[in-house]
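Protein chains in written order, with the numbering used here: chain W, 1 to 160; chain L, 1001 to 1289; chain B, 2001 to 2197. Let me begin by presenting the structure, written as structure tokens, before commenting on it.
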């Protein structure tokens, strides 16, 4: 089995690692870099818990091999808050709107909404719900998540 | 679940890629990975080699030439979704893309990968069937072009050999002003289609149908063209009655049956999706039903 | 799972019977099959590689000719094997019947197939395994015809003794399966579309 040296940027910092070919990006982030915010729910691309940004676009980290991320810029949930630890507007909105209970789906929700709100700063509720179809939540019934997304959109528009 | 061990190759040229496939045993091509990697994670698919096409030059492109839209096989579904050329020249493709999986899978998934994976429920093969697409396939022996109707070969199989790579898809363009419809039934948004209909119509100013193409996904192992329905519509006036009888032709096809839906239900859905897609197309042609 | 298939062979019934029972000789005609050993006159060990859609599986196991009825020209074969990468196992109870069909013969095959483990979940829709079985059997029949034709012309020049394996047991080329698949597409498409295109 082949081993590969990969160099990539994760949350703005350069990282290097040596990985077996079959190690997924999710496993590399979690086990290789200790960034356990990216969760594994299904490992076949349907639950969205492993969603991260690669070159600014959401991907399923469980469906990408770490070797494929060579030379890429990866953003995980750990990269959302400020260096001081202050939550960003989206995270704060989740906090304020009960957008999470157990928190397992939350990193994936946040990464999906990060891309979505960047592309759609003024979404309708229907558009938010459509955008979240690729992220499953077992706890909340999605109401708090949708409210958080709309609230975050409002805050981000005000900041802009 | 973790995949079994394999060797990973990342060639930079097509020549290198086909050379690798010709020489390696039990190798598979990696395109977007959105269908293949889940199967590897389940260990349904166990390969000794993966040949990643991500860095092969010349496989990502969208060009209009010679009356066709030529799409490089590694073009992502996302790129197609946001492409002005697709929106202008192949609106059926544009509409079908919104039904494929989710944003996160479309960001990585490719058109070539979807066609070669050949899931019976997949939308892109249905669009290719409706357009009578041509598939360009490369190997160490050169490039061959295969019409889409000869491309599929049974359940989740195509005529692409183990040492071949799909490099491009050509969609012959329909006349400017043609209309389209795409309707899919799935239990949840982004789920595999239980039945889907892709429709292309060229309608004259007198509401007469000059040409019709209707392709169904989810019903059989690969997309079906409803030849009878197309014949019923052609040269006739496009109205509610014509749509109803064309859609009824969908009831006579042989259908798959599985835990998601039995054959009868799929046939029923095929008729309903065909009728709705035709109605969408008619509305786009300015015909009130 | 019950699967029914049949194929024709251009040999009179008696000759078809002896030809098909000469397992080491006909095994190379089966795409993806490899005969490893002959344990006794009724028991054979081998490997079979099959592609079910995107999944390539390989079974290793044994097949035994259980009930051989030369008068009725029926054979019952009991085969079992395990998937070589741990993805499960298969057991097949196969009834062969050879009947006259014009100048040649028709072979009817009724298979009772039981899959266990991961392989049991492949083929999401009914008929996939049956469809694959028919493709393999059609390829087998085509290869067998070629072998018979070659043997007849070889016999005419007395180059090799009839009945002995032409070469050591080997894997049938996968390319023959693709050639059959392409031919099958048109027939299968015609079956599904309601008007010719």
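From the three backbone atoms N, C-alpha and C, an ideal C-beta is built for every residue, glycine too.
Taking the beta carbon of residue i as the centre, do at least 16 other beta carbons fall within 10 Å, making it buried, or is it exposed?
i: residue 113 (chain W); result: buried
i: residue 1254 (chain L); result: exposed
i: residue 2019 (chain B); result: buried
i: residue 1011 (chain L); result: buried
i: residue 2054 (chain B); result: buried
i: residue 2022 (chain B); result: exposed
i: residue 2029 (chain B); result: buried
i: residue 91 (chain W); result: buried
i: residue 1088 (chain L); result: exposed
i: residue 2180 (chain B); result: Its pLDDT being 45, under 50, residue 2180 (chain B) is placed unreliably in this model, and the value from its coordinates should be taken loosely. Answer is buried; the Cβ neighbour count reaches 16.
i: residue 1175 (chain L); result: exposed
i: residue 43 (chain W); result: buried
i: residue 84 (chain W); result: exposed
i: residue 2168 (chain B); result: Because residue 2168 (chain B) carries a pLDDT of 36, less than 50, the predicted location of this residue cannot be relied on, and the following value inherits that uncertainty. With fewer than 16 Cβ atoms within 10 Å of its Cβ, residue 2168 (chain B) is classed as exposed.
i: residue 1063 (chain L); result: exposed
Have a look at residue i and residue j and give me their C-alpha separation to the nearest angstrom.
i: residue 1086 (chain L); j: residue 1279 (chain L); result: 22 Å
i: residue 2212 (chain B); j: residue 1270 (chain L); result: This structure cannot settle anything about residue 2212 (chain B), because the visible part of chain B is limited to 2001 through 2197.
i: residue 48 (chain W); j: residue 25 (chain W); result: 14 Å
i: residue 7 (chain W); j: residue 65 (chain W); result: 13 Å
i: residue 2110 (chain B); j: residue 62 (chain W); result: 43 Å
i: residue 2174 (chain B); j: residue 2119 (chain B); result: Because the pLDDT at residue 2174 (chain B) is just 43, under 50, the model does not fix this residue reliably, and the value given afterwards should be weighed accordingly. One C-alpha to the other measures close to 21 Å.
i: residue 2077 (chain B); j: residue 2067 (chain B); result: 7 Å
i: residue 32 (chain W); j: residue 127 (chain W); result: 36 Å
i: residue 168 (chain W); j: residue 2108 (chain B); result: Here chain W comprises residues numbered 1 to 160, so residue 168 (chain W) is not present and cannot be evaluated.
i: residue 2050 (chain B); j: residue 2058 (chain B); result: 6 Å
i: residue 2011 (chain B); j: residue 1007 (chain L); result: 48 Å
i: residue 2092 (chain B); j: residue 35 (chain W); result: 49 Å
i: residue 1352 (chain L); j: residue 1163 (chain L); result: Not covered by the structure: residue 1352 (chain L). The range shown for chain L is 1001 to 1289.
i: residue 2142 (chain B); j: residue 1028 (chain L); result: 28 Å
i: residue 1143 (chain L); j: residue 1136 (chain L); result: 7 Å
i: residue 1022 (chain L); j: residue 2131 (chain B); result: 28 Å
i: residue 1116 (chain L); j: residue 2073 (chain B); result: 43 Å
i: residue 2081 (chain B); j: residue 104 (chain W); result: 42 Å
i: residue 1101 (chain L); j: residue 1003 (chain L); result: 22 Å
i: residue 1265 (chain L); j: residue 1230 (chain L); result: 22 Å
Spatial neighbours of residue i within its chain, please: C-beta separation below 6 Å, excluding the five flanking residues on both sides.
i: residue 1107 (chain L); result: 1078
i: residue 147 (chain W); result: 97
i: residue 116 (chain W); result: 131
i: residue 1128 (chain L); result: 1148
i: residue 2166 (chain B); result: Low confidence applies here, because residue 2166 (chain B) scores a pLDDT of 40, under 50, leaving its location unreliable and the question unanswered by this model.
i: residue 2017 (chain B); result: 2073, 2098
i: residue 1215 (chain L); result: 1126, 1129, 1130, 1198, 1223, 1225
Quick one: what's got a C-beta closer than 7 Å to residue i's C-beta in the same chain, skipping five residues either side?
i: residue 1030 (chain L); result: 1036, 1050, 1051, 1052, 1053
i: residue 1000 (chain L); result: The displayed coordinates of chain L run from 1001 to 1289. Any statement about residue 1000 (chain L) would go beyond what the structure contains.
i: residue 1281 (chain L); result: 1179, 1180, 1181, 1199, 1201
i: residue 1118 (chain L); result: 1125, 1152, 1156, 1157, 1158, 1222
i: residue 1172 (chain L); result: 1067, 1068, 1131, 1132
i: residue 1039 (chain L); result: 1045
Keeping to the same chain, check which residues put their C-beta closer than 8 Å to that of residue i; ignore five residues upstream and five downstream.
i: residue 106 (chain W); result: 77, 94, 99, 100
i: residue 1294 (chain L); result: Here chain L has residues from 1001 to 1289 only, and residue 1294 (chain L) is not among them.
i: residue 1014 (chain L); result: 1056, 1057, 1058, 1059, 1138, 1165, 1167
i: residue 1260 (chain L); result: 1187, 1192, 1194
i: residue 1290 (chain L); result: In the structure as shown, chain L begins at 1001 and stops at 1289. Residue 1290 (chain L) is therefore absent and cannot be evaluated.
Interface positions of the stretch 30–49 of chain W facing chain L (Cβ-Cβ less than 7 Å), listed along the chain: Legend: CB atoms of the stretch 30–49 of chain W lying less than 7 Å from CB atoms of chain L belong to residues 43, 44, 45, 48.
Against chain C, which members of the stretch 1103–1136 of chain L pass a CB distance test of less than 9 Å? No chain C is part of this structure, whose protein chains are labelled W, L and B.
Counting only Cβ-Cβ distances shorter than 7 Å, please list the residues of the stretch 1018–1037 of chain L near chain W, keeping chain order. Within the stretch 1018–1037 of chain L, 1033, 1034, 1037 place their CB atoms closer than 7 Å to a CB of chain W, listed in sequence order.
Closer than 9 Å between beta carbons: that is the criterion. Which residues of the stretch 2076–2090 of chain B meet it against chain L? Here the close residues are 2085, 2086, 2087.
Please confirm if the stretch 1200–1220 of chain L is in contact with the stretch 1237–1244 of chain L, defined as three or more CB-CB distances below 8 Å between the two stretches. Three or more Cβ pairs closer than 8 Å define a contact, and the stretch 1200–1220 of chain L meets that threshold against the stretch 1237–1244 of chain L.
Using a Cβ cut-off of 8 Å, which residues of the stretch 1175–1205 of chain L contact any Cβ in chain W, in chain order? If the cut-off is 8 Å between Cβ atoms, the stretch 1175–1205 of chain L has 1188, 1189, 1190 near chain W.
Are three or more beta carbon pairs between the stretch 2087–2102 of chain B and the stretch 1181–1192 of chain L nearer than 8 Å? Short answer: they don't touch.
Quick one, which residues of the stretch 2051–2080 of chain B are near chain L if we go by CB-CB under 8 Å, in chain order? Those would be 2051, 2052, 2053, 2054, 2055, 2056, in chain order.
Taking any Cβ of chain B, which residues in the stretch 1152–1177 of chain L have a Cβ under 8 Å from it, in chain order? Those residues of the stretch 1152–1177 of chain L that come within reach of chain B (Cβ to Cβ, closer than 8 Å) are 1152, 1153, 1154, 1155, 1156, 1157, 1159, 1161, 1162.
Members of the stretch 1034–1059 of chain L near chain B, C-beta cut-off 9 Å: Along the stretch 1034–1059 of chain L, going in chain order, the ones with a CB nearer than 9 Å to a CB of chain B are 1035, 1036, 1039, 1042, 1043, 1044, 1045, 1046, 1047.
Where the stretch 1255–1285 of chain L meets chain W: residues whose CB sits under 8 Å from a CB there: For the stretch 1255–1285 of chain L, which is checked against every Cβ of chain W, not one residue is closer than 8 Å.
For the stretch 2087–2119 of chain B, which residues have a CB atom closer than 8 Å to at least one CB atom of chain L, in sequence order? Listed in sequence order: 2087, 2118.
For the stretch 67–85 of chain W, list every residue whose C-beta sits within 9 Å of some C-beta in chain L, in sequence order. Going along the stretch 67–85 of chain W in chain order, one finds 67, 68, 70 with a Cβ nearer than 9 Å to chain L.
When you check each C-beta in the stretch 127–152 of chain W against every C-beta of chain L, which residues fall closer than 8 Å? Answer set for the stretch 127–152 of chain W: 130, 131, 133, 134.
Residues from the stretch 81–115 of chain W in contact with chain L, defined by Cβ distance under 8 Å: Answer set for the stretch 81–115 of chain W: 112, 115.
Residues of the stretch 7–23 of chain W whose Cβ lies closer than 9 Å to any Cβ of chain L, in chain order: Taking 9 Å as the Cβ-Cβ cut-off against chain L, the residues of the stretch 7–23 of chain W that qualify are 20, 21, 22, 23.
Give me the subset of the stretch 1003–1016 of chain L whose CB atoms are less than 9 Å from a CB atom of chain W, sorted by chain position. So the list reads 1003, 1004, 1005, 1006, 1007, 1008, 1009, 1010, given in the order they occur along the chain.
Check each residue of the stretch 1055–1087 of chain L: if its Cβ is closer than 8 Å to any Cβ of chain W, include it; give the result in chain order. The stretch 1055–1087 of chain L vs chain W, Cβ under 8 Å: 1078.
Beta carbons nearer than 9 Å to chain L: which residues of the stretch 52–68 of chain W have them? Taking 9 Å as the Cβ-Cβ cut-off against chain L, the residues of the stretch 52–68 of chain W that qualify are 54, 57, 58, 59, 60, 62, 63, 64, 65, 67, 68.
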